[in-house]
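Report on one structure; see the data block that follows.
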Amino acid sequence: MHDSGRLLRHGALAGAGAVFLAISLASAHRSALPDVGPVPAFSLTDAQGRAVTRLDLAGSVWIADFIFTRCAGQCPLLSGRMARLQEALAGAPGVQLVSFTVDPAYDTPEVLAAYARRYGADAGRWRFLTGEPQAVLALIREGFRLAIAEEGPAEEPITHSIRLVLVDRRGRMRGSYEATDERAMARLQDDARRLLKEGG
Numbered sequence: 188m189h190d191s192g193r194l195l196r197h198g199a200l201a202g203a204g205a206v207f208l209a210i211s212l213a214s215a216h217r218s219a220l221p222d223v224g225p226v227p228a229f230s231l232t233d234a235q236g237r238a239v240t241r242l243d244l245a246g247s248v249w250i251a252d253f254i255f256t257r258c259a260g261q262c263p264l265l266s267g268r269m270a271r272l273q274e275a276l277a278g279a280p281g282v283q284l285v286s287f288t289v290d291p292a293y294d295t296p297e298v299l300a301a302y303a304r305r306y307g308a309d310a311g312r313w314r315f316l317t318g319e320p321q322a323v324l325a326l327i328r329e330g331f332r333l334a335i336a337e338e339g340p341a342e343e344p345i346t347h348s349i350r351l352v353l354v355d356r357r358g359r360m361r362g363s364y365e366a367t368d369e370r371a372m373a374r375l376q377d378d379a380r381r382l383l384k385e386g387g
């Protein structure tokens, strides 16, 4: 699909995440990072087949993204961004990376494990989560307030947000960052380190 078409599709989904965009832009002009609200409780399964809940991430600053392994559109960009964050934040062990699949019916733990290996994911710092489809999709739409639509082209049959979400030690969302924006990615690294220093 042409880049212009992809941008239009993702632009059409922006409404569900508009509150994130407005707050994130405003945060650049304030001393404190925004507090968008808590990530709801969840119980999902990681690529090693282990149960993971929100409480398992408590005490860590974490960065979430939303991908699926069959995606040939924006997901390789997102996972590449996460791989670079894993490297850039290697000196910040209090930061975790969490990739939620938007295609949980297909993305079993075994499929996610193979995908994780492709991107050199350190299982101790970068988790890939799947689970019961309705629970996963409800978490993404209602918890993270991001849009998903199953009406995309063959290379990207599920259209979804390409924003990364920063979550503090208490499980509260503190910012949203456009994956295609280099400045936003640099700000994400700075904000994650800042939350670590603040005990946030």
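Those letters in the sequence shown? Residues 188 to 387, by the numbering used here. Glycine included, every Cβ here is placed at the ideal spot set by N, Cα and C.
Beta-carbon proximity check, residue i vs residue j, cutoff 9 angstroms
i	j	result
D355	L324	no
P225	R332	no
S247	A322	no
T240	T288	no
V299	A238	It should be noted that the sequence gives Leu, not Val, for residue 299. No. Outside cutoff.
L351	R361	no
L276	Q376	yes
Integer-rounded CB distance, given that residue j should sit under 8 angstroms from residue i
i	j	result
R265	I250	The sequence shown places Leu at residue 265, not Arg. Not a contact, Cβ separation roughly 11 angstroms.
A279	A379	7 angstroms
Option nearest residue i by Cα separation, candidates the options
i	options	result
G236	T367, D294, L375	D294
A228	L220, L244, D222	L244
M372	A270, F255, C258, V289	A270
F315	A219, E385, F253	F253
V285	D309, A292, I345, A259	D309
W313	Y302, E319, P320	Y302
CB contact below 9 angstroms: residue i versus chain B
i	result
V285	As a matter of chain content, chain B is missing from the structure shown, which is built from one protein chain.
> Curious, which full-length beta strand (DSSP E) runs of at least 3 residues does the segment 314 to 355 contain?
Replying inline: 350 to 354
> If you scan the segment 245 to 303 from start to end, which runs of the alpha helix (DSSP H) of 4 or more residues do you find wholly inside it?
Replying inline: 262 to 275
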